[in-house]
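Chains as they are written, first to last, in my numbering: chain A, 1 to 97; chain B, 98 to 194; chain C, 195 to 326; chain D, 327 to 458; chain E, 459 to 576; chain F, 577 to 694. Ideal Cβ placement from N, Cα and C applies to all residues, glycine included.
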Amino acid sequence: MLHTLNKSPFSHTSLENCLRFIKPDDVLLLLEDGVYAATRGTSRSHLIEQALQNGHVFAMQADLKARGLTDLIDGVQLADYDKFVELLEQHSSHAWR
Amino acid sequence: MLHTLNKSPFSHTSLENCLRFIKPDDVLLLLEDGVYAATRGTSRSHLIEQALQNGHVFAMQADLKARGLTDLIDGVQLADYDKFVELLEQHSSHAWR
Amino acid sequence: MSDAKKVMITVRKPPHGSIYVHEAIEVMFIVASFGLDLSVVFIDDGVLALKTGQDTKELGIKGFMASIGAFMDFEVTKVYVDRQSLEDRNMSEADLAFIGEDETTEQPVRPTILDSSAIAALMAEQQSLMAL
Amino acid sequence: MSDAKKVMITVRKPPHGSIYVHEAIEVMFIVASFGLDLSVVFIDDGVLALKTGQDTKELGIKGFMASIGAFMDFEVTKVYVDRQSLEDRNMSEADLAFIGEDETTEQPVRPTILDSSAIAALMAEQQSLMAL
Amino acid sequence: MKFTLLILDGPYNHAASDSAYQTAQAMLRRGHDIRGVFFYHDGVYNVSNASDPPQDDRNIPQRWSALGAQNIDMVVCIAAAKRRGITNELLVPNTRISGLGQLATMIIESDRLVVFGD
Amino acid sequence: MKFTLLILDGPYNHAASDSAYQTAQAMLRRGHDIRGVFFYHDGVYNVSNASDPPQDDRNIPQRWSALGAQNIDMVVCIAAAKRRGITNELLVPNTRISGLGQLATMIIESDRLVVFGD
Numbered sequence: 001m002l003h004t005l006n007k008s009p010f011s012h013t014s015l016e017n018c019l020r021f022i023k024p025d026d027v028l029l030l031l032e033d034g035v036y037a038a039t040r041g042t043s044r045s046h047l048i049e050q051a052l053q054n055g056h057v058f059a060m061q062a063d064l065k066a067r068g069l070t071d072l073i074d075g076v077q078l079a080d081y082d083k084f085v086e087l088l089e090q091h092s093s094h095a096w097r
Numbered sequence: 098m099l100h101t102l103n104k105s106p107f108s109h110t111s112l113e114n115c116l117r118f119i120k121p122d123d124v125l126l127l128l129e130d131g132v133y134a135a136t137r138g139t140s141r142s143h144l145i146e147q148a149l150q151n152g153h154v155f156a157m158q159a160d161l162k163a164r165g166l167t168d169l170i171d172g173v174q175l176a177d178y179d180k181f182v183e184l185l186e187q188h189s190s191h192a193w194r
Numbered sequence: 195m196s197d198a199k200k201v202m203i204t205v206r207k208p209p210h211g212s213i214y215v216h217e218a219i220e221v222m223f224i225v226a227s228f229g230l231d232l233s234v235v236f237i238d239d240g241v242l243a244l245k246t247g248q249d250t251k252e253l254g255i256k257g258f259m260a261s262i263g264a265f266m267d268f269e270v271t272k273v274y275v276d277r278q279s280l281e282d283r284n285m286s287e288a289d290l291a292f293i294g295e296d297e298t299t300e301q302p303v304r305p306t307i308l309d310s311s312a313i314a315a316l317m318a319e320q321q322s323l324m325a326l
Numbered sequence: 327m328s329d330a331k332k333v334m335i336t337v338r339k340p341p342h343g344s345i346y347v348h349e350a351i352e353v354m355f356i357v358a359s360f361g362l363d364l365s366v367v368f369i370d371d372g373v374l375a376l377k378t379g380q381d382t383k384e385l386g387i388k389g390f391m392a393s394i395g396a397f398m399d400f401e402v403t404k405v406y407v408d409r410q411s412l413e414d415r416n417m418s419e420a421d422l423a424f425i426g427e428d429e430t431t432e433q434p435v436r437p438t439i440l441d442s443s444a445i446a447a448l449m450a451e452q453q454s455l456m457a458l
Numbered sequence: 459m460k461f462t463l464l465i466l467d468g469p470y471n472h473a474a475s476d477s478a479y480q481t482a483q484a485m486l487r488r489g490h491d492i493r494g495v496f497f498y499h500d501g502v503y504n505v506s507n508a509s510d511p512p513q514d515d516r517n518i519p520q521r522w523s524a525l526g527a528q529n530i531d532m533v534v535c536i537a538a539a540k541r542r543g544i545t546n547e548l549l550v551p552n553t554r555i556s557g558l559g560q561l562a563t564m565i566i567e568s569d570r571l572v573v574f575g576d
Numbered sequence: 577m578k579f580t581l582l583i584l585d586g587p588y589n590h591a592a593s594d595s596a597y598q599t600a601q602a603m604l605r606r607g608h609d610i611r612g613v614f615f616y617h618d619g620v621y622n623v624s625n626a627s628d629p630p631q632d633d634r635n636i637p638q639r640w641s642a643l644g645a646q647n648i649d650m651v652v653c654i655a656a657a658k659r660r661g662i663t664n665e666l667l668v669p670n671t672r673i674s675g676l677g678q679l680a681t682m683i684i685e686s687d688r689l690v691v692f693g694d
């Protein structure tokens, strides 16, 4: 499964709710405001740290750049739209909005 | 001050954020999906219980009925639109969305 | 039906503050009518859409309690609710609206409550997942 | 100016995922130009709009870093940021973009960081509050 | 008392528009003046004459139009409207498109501003 | 592979519409077919020909229209469109209004569905 998530972890509970439904080896792709979850040292960083223990976490590079985010949690991988489509080829996806 | 809040406390952090800015004797009015915060025994009930220690909390009756909510936290008062306007007469308002 | 594509609709928004649930139900009825193998899962605030006793008259908007009661009539039969989401909202099985009647026993039927791990397993079986 | 009505604009949404911040800035510039006594407060995810180093080119959308840098030129001078919101997001004063230059010292100026109690006190003084 | 309402989200999709309308009705019932209603962000979709809701549902643009007929200034922000495709031809009667300056003026001429949005 | 995209929120207001477009472009780059793009909820606002964004901004409805010109089926849900005021007269070229059955058909005829929304 590929889980996509586009909400800030500070204003929405989508990320913490989504984590209950991620199985080992599932992939989580952060896009739009979801990429804020990938930043280090915040009050919500533990959520992605937890997700990384189970499976892969990607963050959309264009969304990170737009938001000036460079200090990412170790293990978060960068994705562009081609990578996103590659993940979509490999998995069915659910959008956590 | 009158604070209005229209977001579910389960999906959004608006309520807990709003509480930091409520002063003693301020009024909090829950409307739309915000009225879910007024229900008893949930994982978020403590937020309104906390708000009640400082000031008045109202919940819009039409929104409660629409959502089938009857088991409210003690101290939450019911409001209709005339009461809402009465509160608006007495206070400037900020909308926590 | 076993060859039919598996499609899941997830509902995670609360009712009435927005039109999402209302329009999600319209999709359920159509998708079911096309013979797709539909599962519907209510998660997070979505479980609030199933609460008994909702009355939107005073709000001046159309509710959808009647549609929920007709789920099974419209072949929306696999209806699941996330247990944790219910507990967080102080809801129990008795708070859930009926979605139709059992064909043989004629007893009213409620959605099925599942743990999140069971829902995750169900998600993994789907060909398409629609978060509405 | 002391007779001017006190108006506060609060920004609580994050940038770029939606147009709210972009359109909020348009309102700030107009309200300030009408001689209203404007305060602007960035709270919750709104503080992320002020982060340095944002580059929306690759996203294909217009950013608003230039507008933020021109706040003081457009008479948006009372700009406040909630301290707790910064801390939750691992941001410090150095992460905040400049909003213009001090007229006398010509030094670049950052928004002013305030505790929530100070912001609440400021809110109480306003005649109108616009949550955008 | 003189009120201005600021409406930030679209009709049908979000309840903000309904809450605002009910509040406006209550203001009039209680004898207040409404200086104006200003539509911003997705709120500009509220006054489209092309809206054709189901027969048994409320007609939100018509409701706003009826409020405008009571001599209440109903203004749609031009910048927000342009990008979202709301033009003069699409407006219900008794509403108009203008600039954000109208919002500033409404605030200046009102005692209270009330904001409704998602 | 054959993809269908479901778009649930409006243009400019939410990035969902932009993300969907960028994803569609990448799908075509990688040699995939797009069976269709279906616009639902506020997504129906994406294809209004009345949209007139600033000169220096992207034109979202035109982008969808250009995608439709590449023989991709661009469908707007009729029920969602009616209440929100999107009519046949307001559609950009290469898009059409139809029922939810088209979404069901797209799903049946696709390998993957991808959802974009606020």
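Option nearest residue i by Cα separation, candidates the options
i                  : options                                       : result
Val-347 of chain D : D:Val-333, D:Gly-386, D:Phe-390 and D:Asp-381 : D:Phe-390
Val-132 of chain B : B:Ile-170, B:Leu-116 and B:His-188            : B:Ile-170
Ile-492 of chain E : E:Met-459, E:Gly-468 and E:Glu-547            : E:Met-459
Gln-147 of chain B : B:Leu-128, B:Ser-190, B:Ala-134 and B:Asp-168 : B:Ala-134
Ser-475 of chain E : B:Pro-106, B:Glu-129 and B:His-109            : B:Glu-129
Ser-506 of chain E : E:Gly-489, E:Gly-543 and E:Ser-568            : E:Gly-543
Met-157 of chain B : C:Gln-278, C:Ala-318 and C:Gly-211            : C:Gly-211
Pro-208 of chain C : C:Ser-279, C:Glu-287, C:Phe-223 and C:Glu-295 : C:Ser-279
His-46 of chain A  : D:Lys-404, D:Arg-415 and D:Thr-378            : D:Arg-415
Ala-423 of chain D : D:Thr-430, D:Tyr-406, D:Thr-431 and D:Glu-429 : D:Tyr-406
Val-221 of chain C : F:Ala-656, F:Val-690, F:Gly-607 and F:Asp-687 : F:Ala-656
Gly-620 of chain F : F:Asp-687, F:Ile-684, F:Thr-681 and F:Leu-666 : Note that residue 620 of chain F is Val in the sequence shown here, rather than Gly. Answer by Cα proximity: F:Leu-666.
Residue i at chain B interface by Cβ criterion, 9 Å
i                  : result
Arg-141 of chain C : No statement about residue 141 of chain C is possible, as the shown extent of chain C runs from 195 to 326 and does not include it.
Thr-246 of chain C : yes
For residue i, the first and last residue of its enclosing alpha helix (DSSP H)
i                  : result
Ile-145 of chain B : 142-151
His-348 of chain D : 346-359
Ser-568 of chain E : It is not in any alpha helix (DSSP H) - Ser-568 of chain E carries neither H nor E in the DSSP assignment.
Met-391 of chain D : 391-395
Ile-518 of chain E : 518-526
Residue i at chain F interface by Cβ criterion, 9 Å
i                  : result
Leu-458 of chain D : no
Leu-385 of chain D : yes
Leu-64 of chain A  : no
Cutoff 9 Å: residue i Cβ touching any chain E Cβ
i                  : result
Phe-181 of chain B : yes
Met-327 of chain D : Since pLDDT at Met-327 of chain D reaches only 46, below the 50 mark, its modelled position is unreliable, and the value read off the structure follows with that caveat. Not one chain E Cβ lies under 9 Å of Met-327 of chain D.
Assigned secondary structure, residue i (DSSP; H/G/I helix, E/B strand, else coil)
i                  : result
Met-195 of chain C : Low per-residue confidence applies at Met-195 of chain C: pLDDT is 46, beneath 50, and the placement is therefore not dependable, though the value from the model is reported in the following sentence. Looking at Met-195 of chain C - three-state DSSP - the assignment turns out to be coil, as it is neither helix nor strand.
Asp-177 of chain B : coil
Glu-319 of chain C : coil
Thr-481 of chain E : helix
Gly-619 of chain F : helix
Tyr-133 of chain B : helix
Met-98 of chain B  : coil
Leu-98 of chain A  : One cannot answer for residue 98 of chain A here, as it falls past the ends of chain A, which runs 1 to 97.
Ala-156 of chain B : strand
Met-398 of chain D : helix
Leu-128 of chain B : coil
Ser-418 of chain D : coil
Short CB-CB distance (under 9 Å) between residue i and chain C
i                  : result
Ala-176 of chain B : no
Leu-581 of chain F : no
His-617 of chain F : yes
Leu-149 of chain B : no
CB contact below 9 Å: residue i versus chain D
i                  : result
Arg-194 of chain B : yes
His-153 of chain B : no
Cβ of residue i within 9 Å of any chain A Cβ
i                  : result
Arg-415 of chain D : yes
Gln-631 of chain F : no
Span of the beta strand (DSSP E) around residue i
i                  : result
Gly-494 of chain E : 491-497
Arg-554 of chain E : 554-556
Asp-633 of chain F : Looking at the DSSP string, Asp-633 of chain F is not in any beta strand (DSSP E), and its letter there is neither H nor E.
Asn-583 of chain F : Checking the sequence shown, residue 583 of chain F turns out to be Ile, not Asn. Unbroken beta strand (DSSP E) run through Ile-583 of chain F: 578-583.
Open item on the list: What are the residues in the region 1-31 of chain A lying within 7 Å of chain B by C-beta distance?
Closed with: With the criterion set as a beta carbon lying under 7 Å from some beta carbon of chain B, the members of the region 1-31 of chain A are Phe-10, Ser-11, His-12 and Thr-13, in sequence order.
TODO: Would you list, in chain order, the members of the region 335-353 of chain D that have their beta-carbon closer than 9 Å to a beta-carbon of chain A?
DONE: Within the region 335-353 of chain D, the residues whose Cβ lies closer than 9 Å to some Cβ of chain A are Arg-338, Lys-339, Pro-340, Pro-341, His-342, Gly-343 and Ser-344, listed in chain order.
Open item on the list: Residues of the region 538-570 of chain E in Cβ contact with chain B at a cutoff of 8 Å, in chain order, please.
Closed with: Hits within the stretch, in order: Arg-570.
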